[in-house]
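Chains as they are written, first to last, in the numbering used here: chain D, 2 to 284; chain Z, 13 to 97.
Even for Gly, the Cβ is constructed at its ideal location relative to N, Cα and C.
Presented below is the structure to which this report refers.
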Amino acid sequence: MPGFEAAGAKLYVVSYDEADALADYKNAHGATFTMLSDPNSDVIRSFGILNTTIAEDDHPWYGIPYPGVYVTDSDGVIIEKFFENNFTVRPGPEQLLAALRGEEVALQERSDSDAEVTVEVEFEGNSLPVGISRQIVARFSVPEGMHLYEEPVPEGLVAASIELDPDLEGIVAYTAVTPKTQSITLTGDGHTLEVYEGDVVLRLPVAQNGRAMTKDEEGRWVSITGRVRWQACDSEACDLPGEQSFDFRVPAGFTVMADMGPGEGRVPPMNGATHFQKMTARH
Amino acid sequence: MQIERDKRGEELGPNQYEDAEGYIAPLPAGSGPRSNPLGEFPTGPAIGERLPDIVASASDGRSVDLHADRDGQPAVLVFSRSVVW
Chain D
2 MPGFEAAGAK
12 LYVVSYDEAD
22 ALADYKNAHG
32 ATFTMLSDPN
42 SDVIRSFGIL
52 NTTIAEDDHP
62 WYGIPYPGVY
72 VTDSDGVIIE
82 KFFENNFTVR
92 PGPEQLLAAL
102 RGEEVALQER
112 SDSDAEVTVE
122 VEFEGNSLPV
132 GISRQIVARF
142 SVPEGMHLYE
152 EPVPEGLVAA
162 SIELDPDLEG
172 IVAYTAVTPK
182 TQSITLTGDG
192 HTLEVYEGDV
202 VLRLPVAQNG
212 RAMTKDEEGR
222 WVSITGRVRW
232 QACDSEACDL
242 PGEQSFDFRV
252 PAGFTVMADM
262 GPGEGRVPPM
272 NGATHFQKMT
282 ARH
Chain Z
13 MQIERDKRGE
23 ELGPNQYEDA
33 EGYIAPLPAG
43 SGPRSNPLGE
53 FPTGPAIGER
63 LPDIVASASD
73 GRSVDLHADR
83 DGQPAVLVFS
93 RSVVW
């Protein structure tokens, strides 16, 4: 993963696989990251993330973690983590690199007379294979003295959010990544609300479930449509709510499948069926 | 914390089962490799905590101490189900 090296970070993958299975995987995929073998799930247990819904005699499934990703700073302190209920989905590298970088927002300098919130919305990545999440990113520039609201908000205010169209098929949204907030207390009713100030970046991980791809001569595509909403206020008054819709047409890409048997040429071969049998037999 | 599996989803055809988010796989949602937790589940140490120490064998058999090995660099640590299946 050259992107991680370029970011000055090291990538580790822990699983309950035997070391020889990891070696075969590494060889087959040309992986350069460090793969760690935890066949007795000791590391997984020490993190408290053993999947306890699986019975101890249910091999080979017993011993897996609730899969997820931790991102640390250079002191080894966790600065972000990504865990979702659905194991089919894992964060793509763009998402992890964004967490590593933190938010270095490079927005255009605003002029003093420009008192409007501006927002830029992008889909970060060049494809959306089934099961890999990538992020819709909304970068707001909020004038000094103004703020946007974090969810939830009382009726009458609009929180800053990225929302998919309710009738959009085939695209699933996951847990939004949002910046730090400040607390403010409303003068009227004494309500305390959490607000964003300055340059504000919201990220919504999305993935596709394979059910809404379209095909043409150029390939397979998914459409991601929705809107970014917000409302900017200062200590005395609020602007009208703002809204910007988005419509991204993204190549569907291809998911790298596991090698579980004869399928020459389709997936990188790594003796998957043999390793699977060994894992099923171990106790 | 007693955690249940998410078994929501329909059979769509032979070896085709969808889960609550519409993903299709050959086994029903809530079975074997699709042991997704329903609702909240443990996600380990919190943001702001130091990543716990990890010493484990790498694919080449050498023992790796993650914090020593990262040598002052930030780390991305992925817990995967399996690279085999």
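Sheet register partners of residue i (DSSP bridge)
| i | result |
| --- | --- |
| P97 (chain Z) | Correcting the residue type first, residue 97 (chain Z) is Trp in the shown sequence and not Pro. Paired residue(s): none; W97 (chain Z) is not in a bridge. |
| F84 (chain D) | D:G69 |
| A1 (chain D) | Missing from the structure shown is residue 1 (chain D); chain D here goes from 2 to 284 and no further. |
| T186 (chain D) | D:T193 |
| R82 (chain Z) | DSSP lists no partner for R82 (chain Z). |
| V67 (chain Z) | Z:D77 |
Closest residue to residue i among the options (Cα-Cα distance)
| i | options | result |
| --- | --- | --- |
| M258 (chain D) | D:G103, D:H276, D:P270 | D:P270 |
| A10 (chain D) | D:D59, D:G103, D:D18, D:Y63 | D:G103 |
| A99 (chain D) | D:F88, D:V118, D:V72 | D:V72 |
| S71 (chain Z) | D:V44, D:M36, D:H192 | D:M36 |
| P94 (chain D) | D:R228, D:G262, D:E6 | D:E6 |
| M261 (chain D) | D:E244, D:M280, D:F255, D:V251 | D:M280 |
| G44 (chain Z) | D:V131, D:T54, D:S75 | D:T54 |
| V154 (chain D) | D:T119, D:W231, D:Y63 | D:W231 |
Contact list for residue i against chain Z, beta-carbon separation under 8 Å
| i | result |
| --- | --- |
| A20 (chain D) | S69, A70, S71, D72, G73 |
| A24 (chain D) | S71, D72 |
| I50 (chain D) | P54, T55, G56, F91 |
| V15 (chain D) | I66, A68, L89, V90, F91, S92 |
| S38 (chain D) | A68, S69, A70, S71 |
Local conformation of residue i per DSSP, three classes
| i | result |
| --- | --- |
| Y150 (chain D) | strand |
| E61 (chain Z) | coil |
| T275 (chain D) | helix |
| T53 (chain D) | coil |
| D21 (chain D) | helix |
| D248 (chain D) | strand |
| M36 (chain D) | strand |
| A29 (chain D) | helix |
Neighbour list for residue i in chain Z, Cβ cutoff strictly below 9 Å
| i | result |
| --- | --- |
| V78 (chain D) | I59, G60, E61, R62, L63 |
| P68 (chain D) | V90, F91, S92, R93 |
| G9 (chain D) | Q85, P86 |
Proximal residues of chain D, C-beta to C-beta of residue i below 7 Å
| i | result |
| --- | --- |
| E33 (chain Z) | N87, V173, N210 |
| P38 (chain Z) | Those within 7 Å of P38 (chain Z) in chain D number zero; the least Cβ separation is about 11 Å. |
Under 8 Å from the C-beta of residue i: neighbouring residues of chain D
| i | result |
| --- | --- |
| G84 (chain Z) | S75 |
| L78 (chain Z) | Y13, L37 |
Contact list for residue i against chain Z, beta-carbon separation under 7 Å
| i | result |
| --- | --- |
| Y71 (chain D) | L63, L89 |
Any non-hydrogen atom of the ligand NAP within 8 Å of residue i CB
| i | result |
| --- | --- |
| V95 (chain Z) | The ligand NAP is not among the ligands present in this structure, which contains no ligands whatsoever. |
Give a yes or no on contact between the stretch 28-39 of chain Z and the stretch 58-76 of chain D, applying the rule of three or more CB pairs nearer than 8 Å.
Below 8 Å, too few C-beta pairs join the stretch 28-39 of chain Z and the stretch 58-76 of chain D to call them touching: fewer than three.
Does the stretch 211-231 of chain D come close enough to the stretch 177-190 of chain D to have 3 or more Cβ pairs within less than 8 Å?
No contact exists between the stretch 211-231 of chain D and the stretch 177-190 of chain D.
Inter-stretch contact (C-beta, 8 Å, three-pair minimum) for the stretch 83-96 of chain D and the stretch 63-78 of chain Z:
Output reads no: the stretch 63-78 of chain Z does not touch the stretch 83-96 of chain D.
Counting Cβ pairs closer than 8 Å, one from the stretch 13-24 of chain Z and one from the stretch 154-164 of chain D, do we hit at least three?
Look at the beta carbons and you see the stretch 13-24 of chain Z not touching the stretch 154-164 of chain D: under three pairs across the two are nearer than 8 Å.
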